[in-house]
Structure formats: structure tokens, C-alpha cells
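Visitor: Shown below is the structure under consideration.
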Amino acid sequence: MIQNHQIGLSGGTEKGQYNLSANYFKQDGTVIDSYYQRYQVRANTSFNVRDWLRVGENLTYAFTKDNGLSANGAESNPYSWTYRASPWVPVYDIAGNFAGSKFSGTGNFQNPVANQVRNKDNYYTRNRIFGNLWAEADIFKDLTFRTNFGIDYTNRYYYRMEKKNPEFSESMGQNNFEEQSEFNYRWVWTNTLTYNKTFNDIHKLTVLLGTEAIRDGLGRKLTGRRYNYLFEDNTNSWVLNMGENNNQRLANSEYKGEFALFGLFGRVDYSFNDKYLFTGIIRRDGVSRFSKSNRYGVFPSASLGWRISQEDFMESTRDWLDDLKLRVGYGQTGNSEVPRITNYAMELATYPKRSDYDLNGQNNSTTTGFILDKYGNEDTKWESTEMWNVGVDATFLNGKFNIGAEWYWKKTTDMLIEAQYSAFANPEIKKPYINFGDIKNTGVDLNLNYRDSKGDWSWDVSLNLSHYKNEVLRISESDDASLWGAGTRLDGNVTRTTKGHAISEFYGYKVNGFYENVDEVLALPPLGQSGLNAESAKAWVGKFKFDDVDKDGKLTERDRTFIGSPHPDLIAGLNATVTWKNWDFTMFWYSTIGNDLFNNTKYFTDFWMFNGNKSERMRDQSWTPGADNSNAILPILDSNDGYSGKFSNSYYVENASFLRLKNVVLGYTLPKSVLSKVGIQNLRLYVQAENLLTITGYSGLDPEYTNADMGKESGGDLQRGVDMGGWPSTMRFLFGVNFAF
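For reference, each letter of the sequence shown is one residue, going 29 to 769 in my numbering.
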């Protein structure tokens, strides 16, 4: 159930204008006892104080509340638990209590309904005030000064009781209650001076100079936790001093992490006779995250445009060609975003920790003290992205047809990645971000649009096509160095990022059919199974046979290879709107072609690695002795088989190409002749459907899945395309009314 209500009030005179609005939004999740709620008010005003002075503001206050349910939390969200649930275990047992995996042979799943019911009173709230105040003054006729001060204040609070789970097979656990409160304040102050002049009606010049200052992380966070509450179902007892005051309690406060940025920038726009166009931009930014010697970065950009249709030699085309423009651009941008605000500095822990190193010389027990918590790196500097693009835009037949095409080349150098240190450096100490790695992206975008009308009919159709190629150029001095991602229950990481390949390509063993007989087993023994004889080899018949990639006659880790990519060959979007009299119809289709997903949920449903829910594929498409196995996709049914699904392999990789009807809207606007009688300017009724249809061969819940959320601060790109059983896109139906007085 979704509710979305908005009311707005606007008006003004020559002296000032205003626009006020209020919004209420409530969405009940597809999972029981999940929701998202938002209240929001907004005010936009502007006033002409003098002929040469204007002031205004744009402010928004928003309050949100939800139950903090993680969408893609690896294996711990309600959808992923259902993959592991035994199908014969009910939600409730015969006594009316929650059923679960406590009974032998049911695996170790958690009852997702029980979890949701127990967590229904937990909540997360956020109060946020953001916006800006501005003033603009005409110093001279062609010279304008503008100052803009923006604020963003956020206050977050969460309140959570983790209750006991008596039906869980591994441990009932102990309850605990946790509260956390934090606030953060950010401000941005921008000042610009703009000169705008036209010379002889053909030379148009705009020059802008500006400064920008940013302060962020001006806040604190406080967390408290206690255990073993006697009355976990009574929310009145959910206060910290009602819990057990043992050595497991938590009381911690910390700074949000203040940082600052200051930038100088300039821009020049010039056009000659609206035919030859030039834009040049340069920006110099300094950020406190880096050491003084590497704090600043300079980033220039420029673009040239040629409106070919304005040339005299194009005179003969003007009856059908409205506009033809060629453009070329070059630019550099910088990135300083790292999780640590003092990346350059060594930091001690902000609270006492235990260490085996005793300064008094007695190394016979751990000692409490402030120890090194974070390594630093003074050489870290701005990550830089360089880009070239060439494009053409054309309009035909009085605006009926529009075409836009662009080719781009983009290279990111000195990538900010977390340092990889030896285990001797103490893996518990956080590592700094360093500059190491180059990545290149090339691509083509094509936009086509056709709009026209005839009688009571009008239509507007747009097609967008996009293709890109991603390639890692360098991540280390060594060509075979790699960044590994998406560590799951499988042996070996699922993704590998290395030179010559795209980010986060899937990596593992390639399944090359099955062991059909003992001779095949002895000719290429399974991983780690040397010394098999004719008798012991029988146990491996019918199991996956991996490809001997290096052709050395045996299976080893060196036979792992690239087995798929999450990057599509083509991304397409089609948007169409048709109107007839007072009716309007809009639909949007979206598609990706050529991309893969790593369906990690098969680990639970298609193999004997866990007791629990199993797929129909195991029953119907497993290798069977003496049968025609030409359509078999899974190994022989063997409850002792801990081999075939154990390793990252190509069986988990599926073609995730899809075509989805993302949005459909049918609306009707009542005639003004009817509305004017009751004082209404406009009234439109509509019905809307989202994610109404999906065409795909992917067996998971959603082919539009991006990446697993492993709960890390960063590194999402290294687990792209790994489906751990996250939430699917839901089909939704909406009914709405738009009206204005």
C-alpha cells in the first residue's frame, strides 16, 4: 500500500514570488511489518528588493521513519532466508509458536516471518533541514554578483531490540537493546561574479569567476547497548538502564569526522553569430583529507561547438533540416572521496583496546591501552578522470525528429583504493586509501526522438541506446595483480578485477559436463583427489567435471578462469506517450542485453551443501546413471556431495538479459468547461502500474540486480552482479488525482 499526498501554494507579484508545498508519503513494504514514512515541507521564495538587488531562499524540512530493514544484506534479509528454509517447516508449529530450524535435518535457516514480527517495534528516524539562502546584485549593467549559502543538517536516531530466537538451530542467543543518536552539519558557501555582454549582436561573451567553501562532518555519534532484558516484549522496558550491566555492555561516542574543501573556479562561454561555440572551465580545489603537499588539484575542461546548419552552404537543407550541431569536448574531474577524513595520518584508537605488547616489559598477558588503529599515507592525492567526447545533434522537419549521438573516452588515473598490506602489518589495523590503478571506459550513446500530432491525436516516442566497455589498465606494478571481491561461502572469491579485464568479472572453474565413467575420473581427477583407483573413482561419476584450462592434465587452482561479466553489451530505454483529446497514455520499457549475474542462491537450492529448500532443477535435471543425460545441468543426486557446488564455477553464472515494462500510466483530464463551474483549474485522474512485465531467462528473483550489500564501507564495485538473494523489484499499482485551484 502506497500513499502519496501533496499540496502546493504558489503566487506572487513583480516584487516577489513564493512556492510552498507539503508532502506526506507512506509505503508498506512487500515484507510484513516493513514500511517507509516521510513528512516534508518546502518553501521557495524570491524578492526584488531593488531594481538591482534580489534575494531568496529554498528550504526543505523532511522527517522519515522506517524499521531499518536491509534490502540486500547478503544472506540475512527475509528473501535470502526463504531460499534456505525447508519446505515442510511451517511458519507456526502446532502450539502456535514460531517454527524454525531447531529440528534436526532442517538446516540453519531463520524463520523470516518470526524475525519480522519480533523486529516490528524497531525503528530508524531522520530529521533533515537543507536548502540555501541567496542574494544577487547587479554591480554594473553587465556585471552581477551572487552569493549562495547552503546548509544541510541531519539528526538520526535508531532504537532496536534484538530478541531471542528460540527456534533457530545454532543458538537462541541473548537479547540486547541498542540506541544510537547522531547529528551532522554541513554548509556550502558559493560566491560568483558574472560578466555577460553581447557585442555587435553577433559576439556573445559570458565570464564567470567564483569561490566555493565546504565544511562537513560537524557532528557526533553516541551509541549504547545492554544485554539480557527480562521483558523483551515490553517496549516500556526498552531503556539502557534496564539491561544487565555486564562486560558486554557498549557505550561509545565519536566524532562524525570533520573535513573542509575550498575551491576557485572560472568559466568562459563565447559564441559567434550563434554558429561557433566555445566553453572553457578551470577549477582548483583543496581538501583536508590529504596531506598539505597533495591537498590541491587543478581540473580544466573545454568544449567546442559548430552549428553547421547556420552555414551558407547549408541553405538548400533549411526546408527540412532545422538544426545540425557538431560538438567536441575535453575535461578533467577530481575525486577525493575516501571513508577516512584524515587519510594521511596515523591514528590511535579513540577508546582503550587490548594489546599483547606491555610497555613495562612483562609480556605474559594482554594490557589495556591506546594502540594504533589506523595507518596513514601522506602521498595520497586526488583521483583524476580525463574525458574526451564527440557528439552530433540534429533536428528535422520542424522539430518532429531529433537525433543525438555521442562517443566518449574516459580514463581514471590514480584511483583511490584501500591499501593491501602484508598480514605482518596486523590485519585489525585499518588501512589507508592510496593512489594505485587506472581504468578506461569507452562508449557510445544514441538518442532518437519522434513527436507529431494529427487532429485530436499527438505522440512522442524516444529511444535511448547505450554501449560501453570497461577495462582495467593498472592496479599494481605487477600485471597479474588482482582485487578480489564478493567472498561468499564458496571456496575462492567470486569476482576478480585485474589488468585487461573489466571491473568485477566473475572468476572460477568452467563446468565442462560431468564425469560419465570411471575412465574420465582417472584421466582428470577432481580437485584435490590425487591417487584415486578404479574403485574409489566410482564415487565421482556423475559429478561436475571442470575444464583443464592450462592443459597440464590435472585440476588445480591454476584452472580458474573468467566465467562471466556483469557488464551489458547494450542498455536500451523506450519511452512513448500518446494523447487523444483528454486522455493520455505513457509507457517506459527498459532493457539490458549481454550481462550476466552470479546466482549465489543456487548454493543453497541446487546442491547438498545445506539441508533446506531445494529447487525443482535438482529433481528434474540432475545427472542420472544409465539415463539420457543430454539435458542434465546438475550433478548426480548424492547427499554426501560436498564438491560440485563448493567452488565458484560457471554453473552459478546466468545470462541476465531482460526486457522490463517499468512504467505504464493512463490518465484522463476533465474538461475545463466542467471544472470552471466549481472553481477548479485542472483535475486529472490516473492509474499507474510499475514493473508490470519482465521478459528474461534469469532464474533468480530479479535480473535488474546490481550487487550484493556485504555491509562494507566501500568496495561495492568489486561485488557487482552477485545475487545473494536480495529484494526484487516489486509490481505496484497506483491510483492518483492531480488538481489545481
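Just so you know, even glycine gets a beta-carbon here, dropped at the ideal spot from N, CA and C.
(1) I need the straight-line Cα distance from E741 to L233, nearest angstrom please.
(2) Leaving out five residues on either side along the sequence, give the residues of the same chain with a beta carbon under 8 Å from the beta carbon of A562.
(3) Does the distance from the CB of L598 to the CB of D751 come in under 8 Å?
(4) Just to confirm, are Y186 and R156 a CB contact at a threshold of 8 Å?
(5) Identify, in the order they occur along the chain, each residue of the same chain with its Cβ nearer than 6 Å to the Cβ of F761, setting aside the five sequence neighbours on each side.
(6) Identify which residue in K674, L474, V522 and S506 has its Cα closest to the Cα of F572.
(7) Taking just the CA atoms, how far does W116 sit from R645?
(8) Comparing alpha-carbon positions, which option in F429, S412, Y449 and K459 lies nearest T440?
(9) Between the C-alpha atoms of S558 and E456, what's the straight-line distance to the nearest angstrom?
(10) Between A422 and M29, what straight-line distance do the alpha-carbon atoms span, to the nearest angstrom?
(11) According to DSSP, which residues form a beta bridge with V366?
(12) Is K630 helix, strand or coil by DSSP?
(13) Indicate the three-state DSSP secondary structure (helix, strand or coil) for N125 in the structure shown.
(14) For the beta strand (DSSP E) holding V326, just list the boundary residues, first then last.
(15) Could you pull out every residue in the same chain whose Cβ sits closer than 6 Å to the Cβ of I179, ignoring the five residues on either side in sequence?
(16) How many Å lie between F327 and M443 at the Cα?
(17) Can you confirm whether the stretch 41 to 53 touches the stretch 65 to 85 when touching is taken to mean that 3 or more C-beta pairs between the two stretches lie within less than 8 Å?
(18) Can you give me the start and stop residues for the alpha helix (DSSP H) that K807 sits inside?
(19) Check the DSSP bridge columns for T361 and list the partner residues they point to.
(20) Among the candidates V693, N183, L729 and F590, whose CA atom is the shortest distance from the CA of S678?
(21) Got a sec? Which residues, its chain only, sit under 6 Å from L237 by beta carbon, not counting five neighbours each side?
(22) So for T772, helix, strand or coil by DSSP?
(23) Looking at C-alpha atoms only, which residue of N469, Q34 and Q65 is the closest neighbour of G528?
(24) Quick check on Q144: does DSSP put it in helix, strand or coil?
(25) V235 lies in the beta strand (DSSP E); which residues open and close that run?
(26) How many Å lie between L425 and I467 at the Cα?
(27) Tell me which residues share the same chain as K191 and place their Cβ nearer than 7 Å to its Cβ, disregarding the 5 neighbours each side in the sequence.
(28) Considering just the uninterrupted stretch of the alpha helix (DSSP H) at M374, what are its terminal residues?
(29) For S337 versus L352, is the C-beta spacing smaller than 8 Å?
(30) Is it buried or exposed for W80, if we count other Cβ within 10 angstroms and need 16 for buried?
(31) Using C-beta distances below 6 Å, list every residue in its chain close to T607, excluding the 5 sequence neighbours before and after it, in chain order.
(32) Which whole-angstrom value describes the C-beta separation of M415 and W435, a residue pair presumed to lie in contact below a C-beta threshold of 8 Å?
(33) Is T263 helix, strand or coil by DSSP?
(34) Hey, quick one: how far does the alpha helix (DSSP H) through A562 stretch, first residue to last?
(35) Tell me the DSSP secondary structure of Y223 in three-state form.
(36) Can you check which of these residues, W348, W636 and G728, is closest to I664 by C-alpha distance?
Guide: Let's see:
(1) As a working mapping, residue 741 is identified with position 713 in the sequence shown. As a working mapping, residue 233 is identified with position 205 in the sequence shown. Per-residue confidence for E741 stands at a pLDDT of 42, beneath the threshold of 50, marking its modelled position as unreliable; the derived number appears in the next sentence. Cα to Cα, the separation comes out at about 45 Å.
(2) In the sequence shown, the residue the question calls residue 562 occupies position 534. Once the five neighbours on either side are set aside, the close Cβ partners of A562 are V546 and L550.
(3) For the purposes of this step, residue 598 is identified with residue 570 of the sequence shown, where counting begins at 1. For the purposes of this step, residue 751 is identified with residue 723 of the sequence shown, where counting begins at 1. Against a cut-off of 8 Å, the Cβ pair of D751 and L598 comes out as no contact.
(4) The count along the sequence shown starts at 1 and reaches residue 186 at position 158. The count along the sequence shown starts at 1 and reaches residue 156 at position 128. It is not a contact, given that the beta carbons lie outside the stated cut-off.
(5) Numbered from 1 along the sequence shown, position 733 holds the residue referred to as residue 761. These residues qualify, in order along the chain: A717.
(6) Taking the first residue of the sequence shown as 1, we reach residue 572 at position 544. Comparing Cα-Cα distances from F572 to each of K674, L474, V522 and S506, the minimum goes to K674.
(7) Along the sequence shown, one-based indexing puts residue 645 at 617. Along the sequence shown, one-based indexing puts residue 116 at 88. C-alpha separation (whole angstroms): 18 Å.
(8) Stepping through the sequence shown from its first residue, residue 440 is reached at position 412. Comparing Cα-Cα distances from T440 to each of F429, S412, Y449 and K459, the minimum goes to S412.
(9) Here residue 558 corresponds to residue number 530 of the sequence shown, with the count starting at 1. Here residue 456 corresponds to residue number 428 of the sequence shown, with the count starting at 1. Using only the alpha carbons, I get a separation of about 37 Å.
(10) As a first step, residue 422 must be located in the sequence shown, where it is residue number 394. As a first step, residue 29 must be located in the sequence shown, where it is residue number 1. Their backbone Cα atoms lie some 44 Å apart in a straight line.
(11) Residue numbering aside, residue 366 sits at position 338 when the sequence shown is read from its first letter. Partner(s): none; V366 has no beta bridge.
(12) For the purposes of this step, residue 630 is taken as the residue at position 602 of the sequence shown. Here K630 sits in helix by DSSP.
(13) Here residue 125 corresponds to residue number 97 of the sequence shown, with the count starting at 1. Residue state, collapsed to three classes: coil.
(14) Numbered from its first residue, the sequence shown carries residue 326 at position 298. Y324 to R335 is the span of the beta strand (DSSP E), which, as asked, contains V326.
(15) The sequence position of residue 179 within the sequence shown is 151, counting from 1. Cβ neighbours of I179 beyond the five flanking positions: W215.
(16) The residue labelled residue 327 in the question sits at position 299 within the sequence shown. The residue labelled residue 443 in the question sits at position 415 within the sequence shown. Using only the alpha carbons, I get a separation of about 16 Å.
(17) yes
(18) In the structure as shown, the chain starts at 29 and stops at 769, and residue 807 therefore has no counterpart that could be examined.
(19) Looking up residue 361 in the sequence shown gives position 333. DSSP lists T413 as partners of T361.
(20) The residue labelled residue 678 in the question sits at position 650 within the sequence shown. Nearest of V693, N183, L729 and F590 to S678, Cα basis: F590.
(21) Position 209 of the sequence shown holds residue 237. The residues are L221 and G294.
(22) Since the first residue of the chain shown is 29 and the last is 769, residue 772 is not available in this structure.
(23) By 1-based counting over the sequence shown, the position of residue 528 is 500. Checking every option, the nearest Cα to that of G528 belongs to N469.
(24) For the purposes of this step, residue 144 is identified with residue 116 of the sequence shown, where counting begins at 1. Three-state result, Q144: helix.
(25) Your numbering for residue 235 matches position 207 in the sequence shown. Element bounds for V235: H231 to D244.
(26) As a working mapping, residue 425 is identified with position 397 in the sequence shown. As a working mapping, residue 467 is identified with position 439 in the sequence shown. Spanning the two alpha carbons is a distance of roughly 42 Å.
(27) Along the sequence shown, one-based indexing puts residue 191 at 163. Excluding sequence neighbours, K191 sits near R146, N203 and E260.
(28) Stepping through the sequence shown from its first residue, residue 374 is reached at position 346. No alpha helix (DSSP H) holds M374; DSSP gives it neither H nor E.
(29) Position 309 of the sequence shown, counted from the start, is the residue given in the question as residue 337. Position 324 of the sequence shown, counted from the start, is the residue given in the question as residue 352. Yes, Cβ-Cβ distance for S337 and L352 is below 8 Å.
(30) Locating residue 80 in the sequence shown gives position 52, where the first residue counts as 1. Exposed: under 16 other Cβ atoms inside 10 Å.
(31) Within the sequence shown, residue 607 is the residue found at index 579, counting from 1. If we look at T607 and ignore the five residues flanking it on each side, its Cβ neighbours are S486.
(32) Working through the sequence shown from its first residue, we reach residue 415 at position 387. Working through the sequence shown from its first residue, we reach residue 435 at position 407. About 11 Å separates the two Cβ atoms, so there is no contact after all.
(33) Locating residue 263 in the sequence shown gives position 235, counting from the first residue. Reduced to three states, the DSSP call for T263 is helix.
(34) Mapped onto the sequence shown, residue 562 falls at position 534. A562 -> no alpha helix (DSSP H), and no H or E assigned at all.
(35) Taking the first residue of the sequence shown as position 1, residue 223 is located at position 195. Y223: strand per DSSP, three-state reduction.
(36) One-based indexing of the sequence shown puts residue 664 at position 636. Of the listed residues, the one whose Cα sits closest to I664 is W636.
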